[in-house]
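Numbering (my numbering), first residue to last: 70 to 364. We put the beta carbon where it would ideally sit given N, CA and C, even for glycine.
Have a look at this one:
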């Protein structure tokens, strides 16, 4: 139930993000076409000036950002539906970065909007764009009340920003929790079916020929079967260990964890060649396979 709630929340967030970002990108592209700019003109204020190319560059970057955000949200939606942890990780990293960047950018923009010089510059820019200003008439924005309208709008924007930040933080935590549960679920599923490999050393048959002569007649019927005796090399002297390593052949055995609780573990031999099956394999206990030979 807990897993399903996080999955449902993540699905809703990814779907909403894909549609919302795509709608913003389309809206910006439409506004770009309707935006009018006098040739060879600049937006000048008492502190700085912005050229037409600079505004176009910022506009293009915003459009590209929202298009990329929509694509990543669709990518995350596909990962959540199909249960792909790699897709969900990419979407999670994006949504965390977008949350941090968006919150910081909105806070800086809100701080700048409180400055009277910024509000007067925005109103001056709107006075040169009658088509854009006409879209805000329904909201009560005119050239006469432009600066007071923006001052009130900043306060409303701050309240809305706080609410949106709390909601987005909830969605980020839900997606992170879903990704953690998904990784744990897939890791448990893989660990229960993937064999663990241990390194062993197989002694040649002739190295134990002398000991085979000492066996009794009762034990001779078992000398053809190999006997696996777990003998860690740390439990023998260094001279014996060097002799065993010089004459032994390195190999690997696989051990299934799921079979250990039902029956004795079955060891499947895999000759070691040039492939290293794990960086920590050298730290496992070394086993010596002892084989006897008929006299």
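Could you check the C-alpha separation between residue i and residue j for me, to the nearest Å?
i           : j           : result
residue 132 : residue 94  : 5 Å
residue 194 : residue 164 : 33 Å
residue 130 : residue 234 : 23 Å
residue 338 : residue 310 : For residue 338, the predicted model reports a pLDDT of 40, less than 50, meaning its position is unreliable; a value from the coordinates is still stated below. About 22 Å.
residue 153 : residue 135 : 24 Å
residue 217 : residue 177 : 20 Å
residue 114 : residue 209 : Confidence at residue 114 is low in this model, with a pLDDT of 48, below 50, so its placement is unreliable and no value can be given for it.
residue 307 : residue 317 : 15 Å
residue 99  : residue 243 : 34 Å
residue 77  : residue 189 : 45 Å
residue 159 : residue 313 : 50 Å
residue 221 : residue 205 : 15 Å
residue 155 : residue 172 : 26 Å
residue 182 : residue 167 : 22 Å
residue 246 : residue 157 : 11 Å
residue 151 : residue 162 : 18 Å
residue 232 : residue 225 : 11 Å
residue 289 : residue 301 : Note that residue 289 scores 48 on pLDDT, short of 50, meaning its location in the model is unreliable; the coordinates nonetheless yield the value given after this. Rounded to the nearest angstrom, the two C-alpha atoms are 27 Å apart.
residue 203 : residue 83  : 34 Å
residue 124 : residue 92  : 21 Å
residue 73  : residue 254 : 13 Å
residue 185 : residue 207 : 24 Å
residue 213 : residue 88  : 36 Å
So which of the options has the shortest CA-CA distance to residue i?
i           : options            : result
residue 127 : 140, 138, 101, 143 : 101
residue 372 : 184, 90, 192       : The first residue shown for the chain is 70 and the last is 364, placing residue 372 beyond what the model contains.
residue 223 : 88, 199, 175, 240  : 175
residue 227 : 179, 209, 170      : 179
residue 211 : 191, 229, 230      : 191
residue 252 : 149, 137, 86, 267  : 149
residue 86  : 254, 249, 305, 237 : 237
residue 187 : 215, 303, 206, 168 : 215
residue 146 : 254, 301, 232, 248 : 248
residue 81  : 230, 240, 250      : 240
residue 201 : 250, 92, 96        : 96
Return the Cβ separation of residue i and residue j in integer angstroms, given the expectation that the two are a contact with Cβ distance under 8 Å.
i           : j           : result
residue 269 : residue 320 : 6 Å
Assign residue i to one of two classes, buried (16 or more other C-beta atoms within 10 Å of its C-beta) or exposed (fewer than that).
i           : result
residue 219 : buried
residue 138 : buried
residue 141 : buried
residue 267 : buried
residue 169 : exposed
residue 75  : buried
residue 79  : buried
residue 196 : exposed
residue 335 : Low local confidence applies: a pLDDT of 41 at residue 335 is under 50, so the model's placement there is unreliable, and no value is given.
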